[in-house]
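Chemist: Numbering follows our numbering, in which position 704 of the sequence shown is assigned residue number 704; successive positions increment by one, without gaps.
I have a structure here, written as C-alpha cells, and I will follow up with some questions on it.
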Amino acid sequence: MTTPQSPARTHLGRPRKIIDGLEKLVGRAPYVADQWLPGLLHARPVLSPYPHARIRGIDRTAALAVPGVHSVLLGTDLNVKPMHSRPSLLLAEDLVVFAGQPVALILADTEAQAADAAALLDVDYDVLDAVEDAEAALAGGTLVWPQGVPKADGGMAGLHGGEAGAQAAREPSNVDEDRTFGCGDVDAALAGAAFTAGGTFRVAGVHQGYLEPHAVAAQPGARPGEVTVYTSTQGQYVVRSEVAGALGLRERDVHVVPLTVGGGFGAKYGIMDALVAAAALHARQPVRLVLTRSEDMLTTMPAPAIDVTLRLGADADGTLTAVDADVRIENGAFRFGHGGIIATMLGGLYRCENVRVRTRELLLNRAPVGAYRAPGVPQALFALESAVDDLTRQLGADPLDWRLRHAVQAGDPMGTGRPWPDIGLRDCLEAARAHPLWQGRRDLPEHEGVGLAVGGWPGAFSPAGAVCRVDTDGTVRLHVGSVDISGVHSSMVLIAAETLGVDPDQVEIVQGTTDSGPYAPNSGGSQVTISLSGAVLDASTQVRDQLLELAARHFEAHRDDLELAGGQALVRGIPDRAIPIGKLAAQAQRAPGGPGPVVAEGRAALKAGAPGFIAHLVHVRVDPDTGAVTLRRSVAAQDVGFALNPLLVEGQIQGGSAQALGLGLLEGLDYAGGTLANPNFLEYAFPTSTDVPPLEALLVQRPSEHGPFGARIVGEPPITAGAAALANAVREAAGVRVTELPVTPEAVWRLRQAQAGD
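As C-alpha cells, this is what we get:
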C-alpha cells in the first residue's frame with residue numbers, strides 16, 4: 001500500500017531497477033577479492049585463541065620455512081602509534097585483550113602458503129584472568145585496562161547518528177561510561193502509579209551477517225609513506241582518516257579506492273585496512289587480505305549483547321506516568337558509544353513527563369563491538385515494547401489505541417531532551433490499524449497470534465557535494481564520492497533525470513575515490529540518500545539552467561518559453577523546434593569565447609534530519625508441545641516521506657524486517673569462556689529463504705520538511721521493531737512473556753511448563 005502525497009513526476013516516485021544489478025548478477029562487479037596487482041602478496045592473520053593473555057614469545061622459524069612465505073610480521077615490525085579502537089589496532093605486542101586479536105601477519109605468494117605458515121607459527125601465551133561477561137565487568141576484580149581505557153579520537157557510533165559520551169576522568173574501571181538521561185521525578189511517579197509493568201530483558205550479541213567477509217588490498221606508492229587502499233567499505237573518507245591516524249601518515253598520502261561492498265550493515269569502516277596498508281608499506285609490495293568466515297566473525301566488530309531492566313508506570317486512566325530503564329551494554333575491549341541513541345529512543349517514543357534512562361557501557365575481554373543497522377535500538381525497543389504490551393493488558397486497553405494516544409509528535413522531547421522534528425509515528429500506527437492482519441487478529445486459529453511494536457530512528461545527516469556534467473553525446477554524468485551499498489546511486493540517477501528531462505538510462509554515475517570524488521557522507525545511519533540528494537539536485541539544477549540559457553541563445557527565444565524533455569531542449573508548443581542537449585553541450589564547449597562546458601558542482605548541508613518511524617506486525621504460530629515458533633507473516637508500515645524509488649525502498653524495508661526476525665528468533669553469538677564458540681555460518685543461525693515469511697512493506701508517505709523532495713531516512717527503521725513485535729506475537733500465541741532474544745523453543749516450552757505449574 002502506498003499513500004502518495006507528492007506531485008506527479010516522470011521518474012521520481014516510480015519503481016525502477018537498480019543500476020548495477022546486471023553486473024552483480026553476472027559476476028562482473030569489482031570486489032576486493034578480484035583485485036589483482038603486480039607482485040601481489042597474500043596475507044593471513046594469526047589470531048589469539050585466548051581472551052586475555054601475555055605474549056611470552058613468538059617463534060617464526062617454522063612459518064618462515066614454508067615455501068612462498070616472504071615474511072612473518074609482528075607488532076614490533078608494524079606498530080607506530082598506540083591503539084585506541086579496533087581500526088587503529090594493528091598487531092598485539094605484549095598483551096592480547098580479546099580472543100581473535102591479531103598477533104601476527106603472514107605474507108606469502110599464495111593464500112594456501114600463507115595459511116600453512118599461519119598454522120605453524122609458534123606463539124607462547126601466558127593465559128590471564130579475563131572479564132567474560134557483564135557481571136564480571138561490574139564486579140571489577142579483573143580490569144580490561146588497569147592503566148585506563150585507551151583514549152579514542154571519537155565515537156564510532158557517530159557514524160550512524162549515535163552519541164558517544166566524553167571519557168570520564170576517574171579511576172580505571174570496566175564501566176567505561178555511566179550516563180543518565182531524563183526528566184521529572186521518576187521515583188515519585190512510580191510510587192504513585194496505579195499500574196506498573198516491566199522486567200529485565202536481554203538480547204544476545206549478533207553478527208551483521210554480510211556475505212562478503214572483510215577484504216582490503218593495499219599498494220605502496222612512489223613516495224615514502226604513500227599508499228593506495230582498495231577496500232570494501234561504507235565510508236572511504238573514514239578509512240583514509242583511520243589509516244593515516246594509525247600509521248602516522250599525512251591524509252594526502254593515503255588514497256582510498258572503494259570497491260563493491262558485499263554487505264555492510266554498519267560493520268565496514270576500515271577494521272583491517274590500517275594493518276594491510278602497514279604490511280604493504282613494510283614489504284614495499286602490494287598486499288591483499290580477504291578474511292575467512294571464521295576469522296571475520298572472531299576479529300571484527302559485532303553488535304553488543306544488551307540487558308535492559310525496565311519499569312513503566314501508568315495512572316488509573318492508563319496515562320503513562322513513568323519510564324525507568326537501566327541499560328547495560330557489553331562493548332568488548334574498546335569503547336563505542338551506544339548509550340545516547342538508546343536513550344533517545346527508550347525515553348522518546350512515548351510522551352511521558354517522568355523519564356530516567358541510565359546507560360552503562362561495559363568493557364570486556366571480547367572483540368570490540370560496532371554498529372549494526374540502528375545500533376542498540378532493536379534491543380532497547382524489545383524491552384520497551386514488551387513492557388508496553390504487558391501494561392496495556394493490565395489496563396485492558398487496545399495496544400494500538402494506547403500507542404496512538406501516547407505516540408510522540410513534532411515538538412515532543414526525545415529521550416535526550418531535544419525536540420523531535422515533524423514525524424509520522426501516528427500515521428504508521430493508523431496504517432497498521434487498517435491492515436487486514438490487525439483487523440483479523442482475533443479470528444486466528446488456536447496457538448497463533450499477531451504482535452505489534454513500533455520503532456524508528458532519528459537519522460544522521462551530513463554535508464555533501466556532487467558534480468554534474470553533460471557530454472556531447474547527451475550523456476549526463478554524475479560525479480559522487482558516496483559508496484553505494486543499498487541502491488543509493490540508483491536514486492541519484494532519478495533525481496538528475498527528473499531535473500534535466502532525460503531518460504534515467506542517459507545518466508551515468510562516476511564513483512569517485514578520496515582523490516577524485518566530491519565529499520560525501522558515510523553510507524550509514526540512513527544519512528547518505530537525504531544528504532547526497534540535495535547536492536545532486538543542486539548540481540543538476542545548475543546544469544538545467546545552463547542548458548536553458550544555451551537553448552535560449554540557439555532559438556533566439558525567451559528562456560521561460562523553453563523546457564527540457566526527452567533529452568532535448570524544446571520551445572513550448574512548437575514540437576519541431578528542438579535540439580538535443582548533447583548538441584547544446586557541443587556548441588557551448590566549441591564556441592570561441594565560451595560559455596564553455598556544461599558542468600556544475602552542487603553542495604548541500606541539511607539543517608535538520610528527517611526521522612523515520614515504523615509500526616510492525618508479526619504473525620506467528622507456536623507449537624504447544626515443543627515451543628517452536630513458526631513465522632507466518634510480517635507487515636511493516638514505515639513513514640518514508642517520499643519514496644524516490646519505491647522498488648528500492650520496499651527492498652530496504654523487507655531486508656530490515658528479515659534481519660529483525662533473525663535477531664528475534666535465531667541469531668546469537670555464543671561465548672564460552674570468553675571465546676566465540678560459533679564463529680561460522682554453520683553454527684551461527686540466521687534467517688534463510690525457508691525461514692523468512694512473506695514480508696509486506698506499507699509505504700506511508702508523510703513528506704519531511706527537511707528531506708529533499710520530502711524524503712525521509714529509510715535504512716535503519718525497518719529493523720527496529722520487528723523482534724519486539726515477534727515477542728509480542730509469541731505472547732499472544734503461547735500466553736507467555738519471553739524476556740530473552742533469540743526466542744528458543746526450549747525457553748518457550750519452559751515458560752509454558754512453569755505457567756501450567758502455577
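Every residue, glycine too, gets a C-beta built ideally from N, C-alpha and C.
Remember, predicted model here, so these are calculated numbers, not experimental data.
Quick check on DSSP: helix, strand or coil for A204?
Modeler: As a first step, residue 204 is located in the sequence shown; it is residue number 204 there, counting from the start. In this structure, A204 counts as coil in the three-state DSSP scheme.
Chemist: Closest to A222 by C-alpha separation, out of L562, A280, R403, H489, would be which residue?
Modeler: Taking the first residue of the sequence shown as position 1, residue 222 is located at position 222. When each option's Cα is compared against that of A222, the closest is A280.
Chemist: Looking at C-alpha atoms only, which residue of H554, C468, V622 is the closest neighbour of R544?
Modeler: Here the question's residue 544 lines up with position 544 in the sequence shown. That would be C468, whose Cα lies nearest to the Cα of R544.
Chemist: Across the segment 577–584 and the segment 671–678, are there enough close Cβ pairs to call them in contact, namely three or more that are closer than 8 angstroms?
Modeler: With the cut-off at 8 angstroms, the segment 577–584 and the segment 671–678 do not touch.
Chemist: Confirm the yes/no value for this check: CB of G376, any heavy atom of the ligand NAP, distance under 6 angstroms.
Modeler: Ligands are entirely absent from the displayed structure, and the ligand NAP is therefore not among its contents.
Chemist: Return the CA-CA distance between D560 and A497, expressed in angstroms with no decimal places.
Modeler: Here residue 560 refers to the residue found at position 560 when the sequence shown is read from its first residue. Here residue 497 refers to the residue found at position 497 when the sequence shown is read from its first residue. Each residue's Cα considered, the two are about 20 angstroms apart.
Chemist: How would you label P15, buried or exposed, when you count the other beta carbons within 10 angstroms and need 16 or more for buried?
Modeler: Sequence index remark: in the sequence shown, residue 15 carries index 15 (1-based). It counts as exposed.
Chemist: Straight-line CA distance for G455 to L381?
Modeler: Taking the first residue of the sequence shown as position 1, residue 455 is located at position 455. Taking the first residue of the sequence shown as position 1, residue 381 is located at position 381. Taking the straight line from one Cα to the other gives about 7 angstroms.
Chemist: Near A453, which residues of its chain fall below 7 angstroms by C-beta distance, leaving aside the five closest residues on each side in sequence?
Modeler: Numbered from its first residue, the sequence shown carries residue 453 at position 453. The answer, listed in chain order, is L381, E385, H616, A721, A724, A725, N728.
Chemist: Once you ignore the five residues that flank L647 on each side, which residues in its own chain have a CB closer than 6 angstroms to its CB?
Modeler: Mapped onto the sequence shown, residue 647 falls at position 647. Cβ neighbours of L647 beyond the five flanking positions: P15.
Chemist: So does the segment 477–495 actually touch the segment 330–338, counting three or more Cβ pairs closer than 8 angstroms?
Modeler: Not touching, per the Cβ criterion.
Chemist: Going by DSSP, which residues form a beta bridge with G455?
Modeler: Along the sequence shown, read from residue 1 onward, the residue named residue 455 stands at position 455. G455 is bridged to I614.
Chemist: Taking the alpha carbon of I653 as the reference point, which residue from S634, D176, S540, Y671 has its own alpha carbon closest?
Modeler: Here residue 653 refers to the residue found at position 653 when the sequence shown is read from its first residue. When only C-alpha atoms are compared, the closest one is S634.
Chemist: Grouping DSSP H, G and I as helix and E and B as strand, with all else coil, what is Q379?
Modeler: For the purposes of this step, residue 379 is taken as the residue at position 379 of the sequence shown. If DSSP states are grouped into helix, strand and coil, Q379 belongs with the helices.
Chemist: How about the segment 412–422 and the segment 678–695: do they share at least three Cβ pairs that are nearer than 8 angstroms?
Modeler: Flag = no, the segment 412–422 and the segment 678–695 do not touch.
Chemist: Candidates L291, N645, G573: which alpha carbon is nearest E111's?
Modeler: Translated into positions along the sequence shown, residue 111 becomes position 111. Taking only the C-alpha atoms, the option nearest E111 is L291.
Chemist: Here's the rule I'm using: 16 or more other beta-carbon atoms within 10 Å means buried, otherwise exposed. How should V131 be labelled?
Modeler: Locating residue 131 in the sequence shown gives position 131, where the first residue counts as 1. By the 10 Å Cβ count, V131 comes out buried.
Chemist: Of the choices R442, V254, G348, whose alpha-carbon is the least far from that of G411?
Modeler: Counting from one through the sequence shown, the residue named residue 411 turns up at place 411. Nearest of R442, V254, G348 to G411, Cα basis: G348.
Chemist: Mind listing, in chain order, the continuous alpha helix (DSSP H) runs of no fewer than 4 residues lying wholly within the segment 720–754?
Modeler: Within the segment 720–754, the complete alpha helix (DSSP H) runs of at least 4 residues are 722–734.
Chemist: Taking the continuous beta strand (DSSP E) assigned at P580, which residues delimit it?
Modeler: The residue labelled residue 580 in the question sits at position 580 within the sequence shown. Segment 574–580, the beta strand (DSSP E) holding P580.
Chemist: Would you tell me roughly how many angstroms separate the C-alpha atoms of R731 and R426, rounded to the nearest one?
Modeler: In the sequence shown, residue 731 corresponds to position 731, counting from 1. In the sequence shown, residue 426 corresponds to position 426, counting from 1. In a straight line, the C-alpha of R731 is about 24 angstroms away from that of R426.
Chemist: Under the rule that 16 or more other beta-carbon atoms within 10 Å means buried, what is P45, buried or exposed?
Modeler: Within the sequence shown, residue 45 is the residue found at index 45, counting from 1. The residue in question, P45, is buried, as its Cβ has 16 or more Cβ neighbours within 10 Å.
Chemist: Just reading off the alpha helix (DSSP H) that L494 is part of, what are its end residues?
Modeler: If you number the sequence shown from 1, residue 494 lands on position 494. From DSSP, the alpha helix (DSSP H) with L494 extends over 488–500.
Chemist: Just the Cα atoms here: how many angstroms apart are D625 and R752?
Modeler: As a first step, residue 625 must be located in the sequence shown, where it is residue number 625. As a first step, residue 752 must be located in the sequence shown, where it is residue number 752. Rounded to the nearest angstrom, the two C-alpha atoms are 9 angstroms apart.
Chemist: Along the chain, where does the alpha helix (DSSP H) containing G786 start, and where does it finish?
Modeler: This structure leaves residue 786 out entirely; the chain is present only between 1 and 758.
Chemist: In whole angstroms, what separates the C-alpha of A434 from that of Q701?
Modeler: For this step, residue 434 is matched to residue 434 along the sequence shown. For this step, residue 701 is matched to residue 701 along the sequence shown. Taking the straight line from one Cα to the other gives about 16 angstroms.
Chemist: Use the C-beta contact count for R288: other C-beta atoms within 10 angstroms, 16 or more gives buried, fewer gives exposed.
Modeler: The residue you call residue 288 lines up with position 288 of the sequence shown. Answer is buried; the Cβ neighbour count reaches 16.
Chemist: Please name the residue or residues paired with Y125 in a DSSP beta bridge.
Modeler: By one-based count along the sequence shown, residue 125 stands at place 125. According to DSSP, Y125 bridges with I55.
Chemist: From this set, R572, S657, G198, which residue's C-alpha is nearest D390's C-alpha?
Modeler: Walking along the sequence shown from the start, residue 390 turns up at place 390. Of the candidates R572, S657, G198, the one whose C-alpha sits nearest the C-alpha of D390 is G198.
Chemist: Enumerated in chain order, which unbroken segments of the beta strand (DSSP E) with a length of 3 residues or greater are wholly contained in the segment 13–95?
Modeler: Counting whole runs of 3 or more residues, the segment 13–95 contains the beta strand (DSSP E) stretches 41–47, 53–59, 69–73.
Chemist: Report the rounded CA-to-CA distance for S540 versus V103, giving the unit in angstroms.
Modeler: Sequence index remark: in the sequence shown, residue 540 carries index 540 (1-based). Sequence index remark: in the sequence shown, residue 103 carries index 103 (1-based). Cα to Cα, the separation comes out at about 50 angstroms.
Chemist: Report the rounded CA-to-CA distance for A204 versus I329, giving the unit in angstroms.
Modeler: Here residue 204 corresponds to residue number 204 of the sequence shown, with the count starting at 1. Here residue 329 corresponds to residue number 329 of the sequence shown, with the count starting at 1. Looking at the two C-alpha atoms, the distance is approximately 11 angstroms.
Chemist: Just to confirm my understanding: we take G262, look at its own chain, exclude 5 residues before and 5 after, and list those with CB closer than 8 angstroms. What are they?
Modeler: Counting from one through the sequence shown, the residue named residue 262 turns up at place 262. Closer than 8 angstroms at the Cβ level, and outside the excluded window around G262, lie Y31, Y210, L211, E212, S232.
Chemist: Considering Cα atoms alone, identify which of G266, V256, F265 is closest to A274.
Modeler: On the sequence shown, residue 274 is found 274 positions in, with the first residue counted as 1. That would be V256, whose Cα lies nearest to the Cα of A274.
Chemist: In terms of residues, what are the limits of the beta strand (DSSP E) holding R358?
Modeler: Numbered from its first residue, the sequence shown carries residue 358 at position 358. It spans 355–362 - the beta strand (DSSP E) in which R358 sits, taken as one unbroken run.
Chemist: Which residue from Y230, L547, G487 puts its Cα closest to that of L22?
Modeler: Taking the sequence shown and counting its residues from 1, the one referred to as residue 22 is at position 22. Nearest of Y230, L547, G487 to L22, Cα basis: G487.
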